[in-house]
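To start, the structure itself, in structure tokens.
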Amino acid sequence: MTDPSTHETAPDAPIEAIAALTDTKPLAPPRSKWAEVWDQFKSHRGALVGGIIFITIVLAVFIGPFLWTIDPTYIDIRARNSGPSWAHPFGTDQLGRDTLARMMAGGQTSIAVGLTAMALALLLGSFIGVVAGFFRRLDGPLMRLTDLFLALPLLPLLLVMVLLFREPLNKAFGPETGIFILIVVAIGITSWMPTARIVRGDVLALKEREFVLAARSIGTTNFQLIARHILPNVMSPIMVSATLGIANAIITESALSFLGLGFPPDFPTWGRLLFDATDYLQQYPERVMWPGAAISLTVLSVNYLGDGLRDALDPRIRGR
Amino acid sequence: MTPALRLENLSKTFPLGRTLFGPERPGVRAVHPVTLEVARGETLGIVGESGCGKSTLARMLVGLLAPTTGSIEIEGAALDTADPAAFGKRIQYVFQDPISSLNPRKTIRQIMEAPLKLLHGMDRAQRAARIAEIFDLVSLRHEFLDRYPHEFSGGQAQRIGIARALAAEARILILDEPVSALDVSVQAQVLNLLADLKAELDLTYLFISHDLAVVEAVSDRIAVLYFGSVVELGRAEDIFRAPRHPYTKLLADSAPVVGRALTPPEAKETELPDPLDPPKGCAFQARCPRATAQCGQETPTLAELADGHAAACFHPIAPPDGPAG
């Protein structure tokens, strides 16, 4: 009874006082959903920092080349193997190419490959997971397909894919776009399985929840049921797979480049830079650190970003 | 007058599928053929222990499960297609766990709008008006519409569940243990609300519960289910004042009463028979104190013993005042 006016009227109007008791808490004015999502996201410090770092990396990599105009493939043999200096802040490699320029060019490819391959794997994985979990008839065949893909040895498969499709894709899209499509598809269709399994498990559990039965009992079609009731509720595992998927895609791309299956040797990516630098690890350890740190920072920031987004999109967590 | 709901020989058998090489196995009989009639404006209580087929029966009634045999007739019209959209406008389901029956990712408004949009194709203004009307009926505040299900208590969430069922404008509600997940004090609130709504909107209820006190308080008639079949059917006051079937008596004696020490009424095995291997004869014989050789051979059928009071038993308990039927 902090409000004096309530105190005055209470004895005269006991009925009103009882009515007021049922109003357990003051109602906040209604706010838009996205304002609340942003509020929750802001309160997750790791996500905020992760988001800022990720945006910084993306901006640096895509806008940086306009400010730092050295051509990443320009060979200045007199300046080779130089350490960090004003002319070359990150130093140069064994052919005298500027490492900063190569880092930015490589980052463009690596991030683009990571995001696209992740999106592809996620799309495939979620689709197969939802369909397998929702339609009992398809569960067996689709999960056996998933097992089959998990059992396939990755490297021979990629070798065959590159062998078969590199030339036609090069002809159709040009060497760079062609190999980009090849790599993204190769990574995408070999990394959707964990997502599919996780999503299927969640869908199986959700399908038996009462709100799904309730929706069904008013004649919701299967498609609407999946789109409005199942998918929003499996967002959390999908988000987690997504953040892990980016990391996985960047690292797989690096491994492919190293084996000569990926982008051509003179075409920089973070993975390529990393593996080029391993030969000089003892003399010039900083050359390993630049791409290594870039990969780790990207992966870590995306992980935190995903964590925060997942929390912000879940009304149960947002409400607290 | 046509009854609100008529079930004829409704049964459900869940198939087990075949083994790899063997022949097809017989299914699990969750509900044995049930014939029931519910008059308009009546509340039929359905009582029975866990696993006796209460929920399977209810799910068949709203079209979530297709019956194996038999037919469902709602307000004179036969509905046996298991098409939820056709059922939705006539009969609605209120779930046991109020929180879990609301999608956690949707606001109450979205939840309430779904049946209006899908079943009645209303536009935005009509929907808003209808929701406001229903929320007044169940005494929920309109500000709740923009909130998410986890922000509500069990009682409020159950009222939202009831509001959603009312939104479909169904005349028959299946209440599947609507209060068993709630606090006792909140139970009374929800039960009173249900009684008010029934009087106001001329609804028919099928009230499923294992809480005898609640069922007795709200029901006009009660059907006792055991192992998938109705073993006793009668007016609510008769059923527990003078049970005729030994199982009903057992149920009544098992219910805890305030001020009385809890004593198990039966010392023997208290499990339901194995549905994969149903016993011959009466399903209750193993637990029945009055079982005879006849019970092991034949299956009793529901027979009228007195006015409006039927039991499926060869040796019904005699009523305390009056001759045995």
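These protein sequences, in sequence, are chains A and B. Be aware that the first sequence starts at 1, since it is given in my numbering, and climbs by one per residue. Be aware that the second sequence starts at 321, since it is given in my numbering, and climbs by one per residue. All C-beta atoms in this analysis are idealised placements derived from N, C-alpha and C, irrespective of residue type, glycine included.
(1) Of all the CB atoms in chain B, is at least one closer than 8 Å to the CB of ASN222 (chain A)?
(2) Name, in chain order, the residues that DSSP records as bridge partners for ILE366 (chain B).
(3) Throw me the rounded Cβ distance for the GLY91 (chain A) and PRO291 (chain A) pair, which I believe falls under 8 Å.
(4) Could you give the DSSP three-state label for PRO26 (chain A): helix, strand or coil?
(5) Residues of chain A with CB under 7 Å from GLU512 (chain B), in chain order?
(6) For the segment 382-436 of chain B, list the alpha helix (DSSP H) runs that are entirely contained and at least 4 residues long, ordered along the chain.
(7) Taking 8 Å as the CB-CB limit, is PHE415 (chain B) close to chain A?
(8) Taking GLY383 (chain B) as the query, report the chain A residues whose CB atoms sit under 8 Å from its CB, ordered along the chain.
(9) If we ignore side chains and look at the alpha-carbon of each, how far apart do LEU256 (chain A) and PHE180 (chain A) end up?
(10) Quick one, which residues of the segment 459-476 of chain B are near chain A if we go by CB-CB under 7 Å, in chain order?
(11) Could you name the residues of the segment 482-511 of chain B whose beta carbon sits closer than 8 Å to any beta carbon of chain A, in the order they occur along the chain?
(12) Count Cβ pairs between the segment 540-552 of chain B and the segment 362-373 of chain B that sit closer than 8 Å; are there 3 or more?
(13) From which residue to which residue does the beta strand (DSSP E) around GLU286 (chain A) run?
(14) Would you say LEU422 (chain B) reaches chain A, if we count a Cβ-Cβ gap shorter than 8 Å as a contact?
(15) Taking only beta-carbon atoms, is HIS229 (chain A) less than 8 Å away from chain B?
(16) Can you list, in chain order, the residues of its chain whose CB lies under 6 Å from that of ILE128 (chain A), leaving out five sequence neighbours each side?
(17) If VAL199 (chain A) and PRO237 (chain A) are in contact, beta carbons under 8 Å, what's the gap, nearest whole angstrom?
(18) Going by alpha carbons, who is nearest to LEU570 (chain B) out of B:VAL535, B:SER500, B:CYS608 and B:PRO593?
(19) As an exercise, report each continuous beta strand (DSSP E) stretch of at least 3 residues that is fully enclosed by the segment 449-504 of chain B, in chain order.
(20) What runs of the alpha helix (DSSP H), each 4 residues or longer, lie entirely inside the segment 19-92 of chain A?
(21) For a contact meaning CB atoms closer than 8 Å, what does ARG45 (chain A) contact in chain B?
(22) Is HIS44 (chain A) near the ligand MN, judged by its Cβ being under 7 Å from some heavy atom?
(23) Express the C-alpha separation of ILE528 (chain B) and ARG479 (chain B) in angstroms, rounding to a whole number.
(24) Output needed for HIS462 (chain B): all residues of its chain with C-beta closer than 7 Å, excluding positions within five of it in sequence on either side, in chain order.
(25) Should ARG541 (chain B) be flagged as near chain A, meaning a C-beta pair shorter than 8 Å?
(26) Which of the three DSSP states is assigned to GLY361 (chain B) in this structure?
(27) For PHE211 (chain A), which residues in chain B fall below 9 Å Cβ to Cβ?
(28) Check whether chain B comes within 8 Å of ASN248 (chain A), counting only Cβ atoms and requiring the distance to be less than that.
(29) By a C-beta neighbour count over all protein chains shown, 10 Å radius and 16 as the cutoff for buried, is LEU553 (chain B) buried or exposed?
(30) Taking contact to mean 3 or more Cβ pairs, one atom from each stretch, closer than 8 Å, check whether the segment 523-540 of chain B and the segment 484-501 of chain B are in contact.
(31) What did DSSP end up calling ARG555 (chain B) once you bin it into helix, strand or coil?
Based on what the coordinates show:
(1) no
(2) B:ILE528 and B:ALA543
(3) In fact, because the Cβ distance is near 12 Å, the residues do not count as touching under 8 Å.
(4) Unreliable placement is indicated for PRO26 (chain A), whose pLDDT of 49 sits below 50; the coordinate value is still reported in the next sentence. Coil at PRO26 (chain A), not helix or strand.
(5) Correcting the residue type first, residue 512 (chain B) is Asn in the shown sequence and not Glu. Per Cβ cutoff of 7 Å: no residues; ASN512 (chain B) is ~15 Å from chain A at best.
(6) 404-408
(7) yes
(8) SER217
(9) 12 Å
(10) GLU463, ASP466, TYR468, HIS470 and GLU471
(11) ARG484 and ALA488
(12) yes
(13) No beta strand (DSSP E) holds GLU286 (chain A); the alpha helix (DSSP H) holding it covers 286-313.
(14) yes
(15) yes
(16) LEU142 and ALA196
(17) 6 Å
(18) B:CYS608
(19) 492-496
(20) 33-43 and 45-67
(21) Ordered by position in chain B, no residue passes the 8 Å Cβ test against ARG45 (chain A), which lies about 24 Å from the chain.
(22) The ligand MN is absent from the structure shown, which contains no ligand whatsoever.
(23) 17 Å
(24) ALA452 and PHE455
(25) no
(26) coil
(27) PHE415, SER420, SER421, LEU422, ASN423, PRO424, LYS426, ILE431 and PRO469
(28) no
(29) buried
(30) yes
(31) strand
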